[in-house]
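For the sequence shown, numbering that gives the first Met the number 0 begins at 0 and goes up steadily by one. Ideal Cβ placement from N, Cα and C applies to all residues, glycine included. Input: a single structure, listed below in structure tokens.
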Amino acid sequence: MRILLWHVHGSWTTAFVQGAHEYVVPVVPDRGPDGRGRAQTWSWPGSVVEVPPERLAREPLDVVIVQSPRDEALAARWLGGRCPGRDLPLVWLEHNAPQGWINEMRHPAADRGDLTIVHVTHFNALFWDTGTTPTRVIEHGIVDPGEQYTGELARAAVVVNEPERRRRVTGTDLLALLGRDVPLDLFGIGAGTLGGIENLPQARLHAEMARRRVYLHPVRWTSLGLSLLEAMHLGMPVVALATTEAPSAVPPDAGVVSTRVDVLLAALRWLADDPEQARLMGKAARAAALARYGLARFLADWDALLAEVTA
Numbered sequence: 000m001r002i003l004l005w006h007v008h009g010s011w012t013t014a015f016v017q018g019a020h021e022y023v024v025p026v027v028p029d030r031g032p033d034g035r036g037r038a039q040t041w042s043w044p045g046s047v048v049e050v051p052p053e054r055l056a057r058e059p060l061d062v063v064i065v066q067s068p069r070d071e072a073l074a075a076r077w078l079g080g081r082c083p084g085r086d087l088p089l090v091w092l093e094h095n096a097p098q099g100w101i102n103e104m105r106h107p108a109a110d111r112g113d114l115t116i117v118h119v120t121h122f123n124a125l126f127w128d129t130g131t132t133p134t135r136v137i138e139h140g141i142v143d144p145g146e147q148y149t150g151e152l153a154r155a156a157v158v159v160n161e162p163e164r165r166r167r168v169t170g171t172d173l174l175a176l177l178g179r180d181v182p183l184d185l186f187g188i189g190a191g192t193l194g195g196i197e198n199l200p201q202a203r204l205h206a207e208m209a210r211r212r213v214y215l216h217p218v219r220w221t222s223l224g225l226s227l228l229e230a231m232h233l234g235m236p237v238v239a240l241a242t243t244e245a246p247s248a249v250p251p252d253a254g255v256v257s258t259r260v261d262v263l264l265a266a267l268r269w270l271a272d273d274p275e276q277a278r279l280m281g282k283a284a285r286a287a288a289l290a291r292y293g294l295a296r297f298l299a300d301w302d303a304l305l306a307e308v309t310a
């Protein structure tokens with residue numbers, strides 16, 4: 000199929016474009032949010048093609064995937080009179096956990112019969128109010144970076160994008176406390192403002208993560224960090240806040256998951272001081288991630304959904 004989608008979430012899209020389709024990504028001159036085009040720090044296949052907005056009206060397409068109200072508005076404007084949901088099958092991919100009061104978590108695409116909402120975790124599907132709109136859950140898939148773990152540095156890796164702006168959401172405010180006994184190395188977009196390392200190509204990021212003894216996931220409220228799943232694929236043991244989907248994603252033999260900061264502190268000290276235990280838990284983490292978040296299952300689930308909505 001020829002699939003129109005926006006480059007929004009680089010890690011998720013990297014997995015999605017490994018399929019057997021052709022992926023049309025809008026590109027605007029400044030590569031801003033309306034059209035980032037192909038990824039600059041991820042490796043994407045040649046089946047991902049950039050198309051400027053003025054050419055989209057002439058592009059043959061089989062399905063449209065939007066990830067925000069803005070995407071849907073742009074598709075309606077750029078597709079030359081073809082209406083997504085009426086003239087082209089429409090899928091709304093929802094990456095995020097909802098924000099706000101529990102009684103007010105209404106999805107912007109709720110109560111619509113012209114599209115299908117796809118959630119990336121069962122937690123998100125539980126908390127979003129989508130009304131009568133058809134919904135699916137397709138859990139994440141990861142392009143396996145291989146078992147790279149060495150754990151040679153008795154430090155913890157943390158990957159958070161925009162850690163300053165998203166401070167309490169991503170647990171940035173917890174890092175000073177959680178790094179009291181075991182040094183933390185912060186990676187991610189915008190991490191430089193807090194003394195971290197940013198804008199590494201994905202392969203280099205994975206190599207640097209794998210040198211650290213343990214992966215710390217301090218996030219209070221996001222969907223399910225793909226960096227967490229990538230760390231597990233690398234063979235890293237995990238210490239994580241027991242929030243959103245994390246307790247389901249990290250089995251007991253793969254790490255320590257808790258809402259108690261003192262428990263997380265003790266787990267970081269334990270794994271930093273016991274390289275063999277860290278190695279064994281990392282192997283369990285990799286096995287669990289491959290079994291549940293493997294790329295083949297992810298692509299097969301998406302192929303089944305695409306076949307269904309285009310039938």
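- The bridge partners DSSP lists for Asp128 are Arg105.
- Around the beta carbon of Ile101, a 10 Å sphere encloses fewer than 16 other beta carbons of the protein chains shown; the residue is thus reported as exposed.
- In the three-state reduction of the DSSP assignment, His205 falls in the helix class.
- Counting along the chain, Ser226 sits inside the alpha helix (DSSP H) bounded by residues Leu225 to Leu233.
- Just measuring C-alpha positions, the residue of Ala295, Val218 and Phe126 sitting nearest Arg167 is Val218.
- Scanning its chain for C-beta atoms nearer than 6 Å, with the 5 sequence neighbours on each side dropped, one finds around Thr131 the residues Asp110, in chain order.
- Within the same chain, His6, Val24, Val26, Arg30 and Glu49 come within 7 Å of Gly36 by CB-CB distance, once the 5 residues on both sides are set aside.
- The beta carbon of His121 sits closer than 6 Å to those of Val136, all from its chain and outside the five residues before and after it, given in chain order.
- Counting the other Cβ atoms within 10 Å of the Cβ of Gln66 gives 16 or more, which makes it buried.
- Between the segment 210-226 and the segment 140-157, the count of C-beta pairs closer than 8 Å reaches three or more; the two stretches touch.
- Taking one beta carbon from each stretch, the segment 133-149 and the segment 288-296 have 3 or more pairs nearer than 8 Å; the two touch.
- Gly293 sits in a strand when the DSSP states are folded into three classes.
- Shown here, Gly178 sits in coil according to DSSP, grouped into three states, outside any helix or strand.
- By DSSP's assignment, His118 forms a beta bridge with Glu93 and Val136.
- Here the alpha carbon of Trp301 sits roughly 28 Å from the alpha carbon of Ala253.
- The straight-line gap separating the alpha-carbon atoms of Arg54 and Thr115 is approximately 26 Å.
- Residue range Val260 to Asp272 is occupied by the alpha helix (DSSP H) that includes Leu270.
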